[in-house]
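Q: Throughout the sequence shown, residue numbering follows the numbering used here, covering 308 to 409 in sequence.
Heads up, the beta-carbon is just placed ideally off N, CA and C, and yes, glycines get one too.
Sending over a structure as structure tokens; questions will come in a sec.
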Amino acid sequence: MKNQKTLDALRKKANGKGRMPSLNKVSELLTELGIENSCMEWSEVKWRDNGLRYYTSGGSRTYNGYTLRVPQINMDICSTDSYYSWNTMSYAQQLVKLIDTL
């Protein structure tokens, strides 16, 4: 399998270890397995309540990432969401569950 490293990383994350693979790599894995999905590059500017912009750790005003949609399990992930990193283990668990049902 071409995307075996991505699958291994996803399984690791689902068990609470390691890092979540990039959403574009997850999309490649799902496509290879024949699971319908769509992945797009995404960027957004985030605003504070007082009307000022948030800045990234690199000083940029724009947050860049990906969005991944998996209709079969009603999943819609955006890596620029505020709570994305808190939810990655749950995302990985749902994706591994879907993959294991094939």
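What residue range is occupied by the uninterrupted alpha helix (DSSP H) comprising R318?
A: Your numbering for residue 318 matches position 11 in the sequence shown. That run of the alpha helix (DSSP H) goes 311-321.
Q: According to DSSP, which residues form a beta bridge with Y373?
A: Sequence index remark: in the sequence shown, residue 373 carries index 66 (1-based). Answer by DSSP bridge pairing, in chain order: E348.
Q: What does the Cβ neighbour count give for I384, buried or exposed, with the cut at 16 atoms within 10 Å?
A: Indexing the sequence shown from 1 puts residue 384 at position 77. I384 should be labelled buried.
Q: Starting from I380, follow the beta strand (DSSP E) in both directions and report where the run begins and ends.
A: Working through the sequence shown from its first residue, we reach residue 380 at position 73. Where I380 is concerned, there is no enclosing beta strand (DSSP E), given that its DSSP letter is neither H nor E.
Q: Would K320 be called buried (16 or more neighbouring beta carbons within 10 Å of its own) or exposed?
A: Residue mapping note: residue 320 aligns to position 13 of the sequence shown, counting from 1. Result: buried.
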